[in-house]
Amino acid sequence: MAKYKKHVEWGVRLQHYNLKEGDDLHPRAVLRGTLDVHDLALILEENSRGIYRAADTELIVNQLMSVARDALVDGYALNTPMGRLTPVVRGMWNFNRINPAARAQNQASLSYALSTELKKAFEDPLFHVENSLQRGPFIFDIRDMESGTHNERLTPGGYVFLKGRLLLMNGDSPLRGVELLDAETEEVIHHFPAAELGSMNTRSRLFFRLPKDLPDGTYRLAVSSQCCTKPTPLKEPVRWVDHKVLRVGEEPAEEEDAVR
Numbered sequence: 001m002a003k004y005k006k007h008v009e010w011g012v013r014l015q016h017y018n019l020k021e022g023d024d025l026h027p028r029a030v031l032r033g034t035l036d037v038h039d040l041a042l043i044l045e046e047n048s049r050g051i052y053r054a055a056d057t058e059l060i061v062n063q064l065m066s067v068a069r070d071a072l073v074d075g076y077a078l079n080t081p082m083g084r085l086t087p088v089v090r091g092m093w094n095f096n097r098i099n100p101a102a103r104a105q106n107q108a109s110l111s112y113a114l115s116t117e118l119k120k121a122f123e124d125p126l127f128h129v130e131n132s133l134q135r136g137p138f139i140f141d142i143r144d145m146e147s148g149t150h151n152e153r154l155t156p157g158g159y160v161f162l163k164g165r166l167l168l169m170n171g172d173s174p175l176r177g178v179e180l181l182d183a184e185t186e187e188v189i190h191h192f193p194a195a196e197l198g199s200m201n202t203r204s205r206l207f208f209r210l211p212k213d214l215p216d217g218t219y220r221l222a223v224s225s226q227c228c229t230k231p232t233p234l235k236e237p238v239r240w241v242d243h244k245v246l247r248v249g250e251e252p253a254e255e256e257d258a259v260r
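Counting in UniProt numbering, the sequence shown runs from 1 upward without gaps.
See below:
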């Protein structure tokens with residue numbers, strides 16, 4: 001099995017912790033959305049370029065989940081790539097089992113433990129505080145269509161699909177658009193003006209094509225838009241610089257490997 005390389009990188013919102021006195025803040029993960037089996041099957045079909053048909057995958061997974069559900073009800077623990085599910089009994093025991101109230105003190109439930117792969121992926125997580133009152137655009141996901149990767153790579157001459165919020169290029173400022181930045185210096189390598197971002201431009205997604213002569217290296221993206229929660233655009237665009245580092249070309253070999 002190929003080594004799993006992705007690691008946790010989540011946005012969080014901070015809320016006051018009401019159970020303790022003081023100024024303690026409790027972080028809550030900002031969800032990108034909720035996926036069901038149908039969504040996952042469609043993603044697999046797209047990533048495999050049609051090799052695994054979504055309808056077939058969904059049918060098989062639903063059948064597999066039915067078998068898994070029966071196994072849990074029958075008292076089996078399940079080891080899966082997502083983790084281990086173990087049947088447990090909640091509550092304190094009461095020997096008066098004839099009494100419904102006594103029986104109600106115990107509930108059948110499940111305990112969950114992360115799989116080895118997920119434990120490694122959850123190690124040393126990177127969290128970014130998001131301001132729920134923040135104006136302007138925000139990027140959730142950067143998909144490189146050529147490689148099929150998310151938030152990892154860029155392919156020269158290939159298409160990039162962004163998901164986020166307030167990405168619509170309404171308004172008339174010439175500063176609107178997407179910028180490709182050097183990851184270290186934040187120097188603007190290429191500017192994609194709003195007029196070049198195509199008809200798929202909406203509040204939640206942007207679609208554009210990278211230059212064919214883009215050099216190897218690491219990059220980040222920035223988005224400037226006048227989009228807001230109101231029908232009319234902002235007077236001036238707001239710029240968002242995304243923190244995700246994207247690589248073009250192969251990662252340089254480490255010094256030890258280069259010597260070999």
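Where a beta carbon is used, it is the ideal one built from N, C-alpha and C, also for glycine.
Just tell me which of Asp-141, Leu-154 and Thr-185 has its CA closest to the CA of Leu-206. As a first step, residue 206 is located in the sequence shown; it is residue number 206 there, counting from the start. Of the listed residues, the one whose Cα sits closest to Leu-206 is Asp-141.
For Val-73, name the three-state secondary structure that DSSP assigns. For the purposes of this step, residue 73 is taken as residue 73 along the sequence shown, with counting starting at 1. Val-73 falls in the helix class under three-state DSSP.
Can you tell which of Ala-101, Pro-125 and Val-73 has its C-alpha closest to the C-alpha of Lys-5? Residue 5 sits at position 5 when you count from the first residue of the sequence shown. Among Ala-101, Pro-125 and Val-73, the Cα nearest to that of Lys-5 is on Pro-125.
Going by the beta-carbon positions, is the gap between Pro-137 and Ser-225 smaller than 8 Å? By 1-based counting over the sequence shown, the position of residue 137 is 137. By 1-based counting over the sequence shown, the position of residue 225 is 225. Against a cut-off of 8 Å, the Cβ pair of Ser-225 and Pro-137 comes out as a contact.
Counting beta carbon pairs with one atom in the segment 109–128 and one in the segment 77–93, are three or more of them shorter than 8 Å? yes
What are the uninterrupted segments assigned as alpha helix (DSSP H) that are 4 or more residues long and contained completely in the segment 86–110, given in chain order? 100–103
Tell me whether Val-61 sits in a helix, a strand or coil according to DSSP, three-state version. Taking the sequence shown and counting its residues from 1, the one referred to as residue 61 is at position 61. Note: Val-61 maps to helix in three-state DSSP.
Buried or exposed for Lys-179, please, with buried defined as at least 16 other CB atoms from any protein chain shown within 10 angstroms of its CB. Along the sequence shown, read from residue 1 onward, the residue named residue 179 stands at position 179. In the sequence under discussion, the amino acid at residue 179 is Glu, which differs from the Lys named in the question. So Glu-179 ends up on the buried side.
Residue nearest to Trp-10 in terms of C-alpha spacing, selected from His-128, Val-67 and Ala-104: Counting from one through the sequence shown, the residue named residue 10 turns up at place 10. Ranking His-128, Val-67 and Ala-104 by Cα distance to Trp-10 puts His-128 first.
Residues that DSSP places opposite Thr-80 in a beta bridge: Translated into the one-based positions of the sequence shown, residue 80 becomes position 80. Answer is Gly-83.
Jot down the residue ranges of each uninterrupted beta strand (DSSP E) in the segment 141–194, minimum 3 residues, whole runs only, in chain order. 159–165, 177–182 and 188–193
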